[in-house]
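Student:
Residue numbers (the numbering used here): 1059 to 1464.
#1: I'd like to check one pair, residue 1393 with residue 1238: are the Cβ atoms closer than 8 Å?
#2: Mark residue 1373 as exposed unless 16 or more other C-beta atoms lie within 10 angstroms of its C-beta, in which case mark it buried.
#3: Answer with buried or exposed for residue 1310, where buried requires no fewer than 16 other C-beta atoms within 10 angstroms of its C-beta.
#4: To which residues of the same chain is residue 1095 closer than 6 Å at the C-beta, ignoring the five residues directly before and after it?
#5: Determine the extent of the beta strand (DSSP E) in which residue 1398 is found, giving its start and end residues.
#6: Going by beta-carbon coordinates alone, are residue 1368 and residue 1383 separated by less than 8 Å?
#7: Tell me, to the nearest whole angstrom, how far the beta carbon of residue 1313 is from that of residue 1275; I am working on the premise that it is less than 8 Å.
#8: In this structure, what does DSSP give as the bridge partners for residue 1250?
#9: If we call anything under 8 Å between Cβ atoms a contact, is residue 1327 one with residue 1453?
#10: Using the Cα positions of residue 1378 and residue 1385, report the straight-line distance between them to the nearest angstrom.
#11: Can you give the beta carbon distance from residue 1260 to residue 1246, rounded, assuming they're within the 8 Å contact cut?
#12: Pairs of beta-carbons, one from the region 1209-1220 and one from the region 1410-1422, closer than 8 Å: are there three or more?
#13: For residue 1430 and residue 1236, I'd like the C-alpha separation in whole angstroms.
#14: How would you label residue 1279, buried or exposed, when you count the other beta carbons within 10 angstroms and need 16 or more for buried?
#15: Could you compute how far the alpha carbon of residue 1397 sits from the alpha carbon of residue 1293?
#16: Can you tell me where the alpha helix (DSSP H) holding residue 1295 begins and where it ends?
#17: So, is residue 1230 buried or exposed, given that buried needs 16 or more other C-beta atoms within 10 angstroms?
#18: Report the rounded CA-to-CA distance for residue 1192 versus residue 1207, giving the unit in angstroms.
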């Protein structure tokens, strides 16, 4: 009986709570066929211990971005499915794809802003490309238009020469007027004073510059031409104000003629003019204007013939009879009517010659102020060059002063 009580006490002590806290079932050793046989023997099999080890490894070896990605991974590991079957499968807001954090929103906004800037830059590049393409097309079209205009002017010159009735000096003047925007006219030293003119009208060869300076200073020539080229703008101002333009235009042309006489070195010599200017009165009839220019030019033609006629006819080396010491010149006339300048010529060597209309230019027309001014300059220079060629035959005019500013 005593032995039974002793055996009972032994079992009770063995199964007591204190004993149960210290004694448990033994864990069977892992077999080669266990599920985690691929894990090294040094890696703990317990989940908490393994997580602690992984955290230390991540903190030590992984970058912050990698650690953040590992912590915030939205894919649950296999261990969660194996060991947390009894836990809820609800996904937290941090792991939900539909719940975007403020930082992610800011990141997305930055990406969208960058994309917008790239698109805007792309649009700007396309706009610049389109503008350059349009500019190139405009330049090509401008070149083609200019070549077409040049062909028309050359054809007009060819037709004039083919007629066979024009004076050689008339053809020369007509050609200079027609080609004034296609050939060299001004010395290159004047380019700084006329920056808006195309480079094609300037030449570095002084002898090729048709509108040039000779006896006078270069600055006087520049100033005279600048005033002439600005005439178109002043004429338009007069028109807008409802005032007549004839006196203004005639005075400006006369001023340029006066400069050409001083530049040619014959302003103090006696000479018969080869160029005359007639300004129409307000509301003057065309017939009256035509009569005025005809009378003046015929008068000058007669004076030239009288001045050059020989006392007796002479026979030259070719067997031709000559009645003049040299051939009387071609005369030039400028009619100023309203806003128009009309160029006419008369062959003074032929008493039966009629006035020929050569060209006309409207100073009211927009966009051609420079070319109209150059046209006037050309006809004045043609007249100046003729008088310079006979300057040695001219006598000094005692009534004239040699002071160019007088």
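For every residue, glycine included, the Cβ atom is placed at its ideal position computed from N, Cα and C. Since the model is a prediction, treat every value here as computed from it, not as a measurement.
Tutor: A quick look at the data gives this:
#1: Between residue 1238 and residue 1393, the CB-CB gap reaches or exceeds 8 Å.
#2: That one is exposed.
#3: Counting Cβ neighbours within 10 Å, residue 1310 comes out buried, since at least 16 surround it.
#4: Below a pLDDT of 50, predicted positions are generally treated as unreliable, and residue 1095, at 40, falls in that range; the measurement from the model is reported next regardless. Excluding positions up to five away in sequence, the list is empty.
#5: Its beta strand (DSSP E) spans residues 1398-1405.
#6: Closer than 8 Å, so yes.
#7: Taking a contact as a CB-CB distance under 8 Å, the pair residue 1313 and residue 1275 does not count as one, their CB atoms being some 16 Å apart.
#8: Answer is none; residue 1250 lacks a bridge partner.
#9: Result yes, Cβ atoms of residue 1327 and residue 1453 sit closer than 8 Å.
#10: Residue 1378 and residue 1385: Cα-Cα distance of roughly 13 Å.
#11: Indeed they touch by this definition, with Cβ atoms about 5 Å apart.
#12: In short, these stretches do not touch, since the Cβ pair count stays below three.
#13: Cα atoms of residue 1430 and residue 1236: separation of roughly 11 Å, rounded to the nearest angstrom.
#14: Residue 1279 is buried by the Cβ-count criterion.
#15: The straight-line gap from Cα to Cα measures roughly 7 Å.
#16: First-last of the alpha helix (DSSP H) with residue 1295: 1289-1299.
#17: Around the beta carbon of residue 1230, a 10 Å sphere encloses fewer than 16 other beta carbons of the protein chains shown; the residue is thus reported as exposed.
#18: C-alpha of residue 1192 to C-alpha of residue 1207: approximately 22 Å in a straight line.
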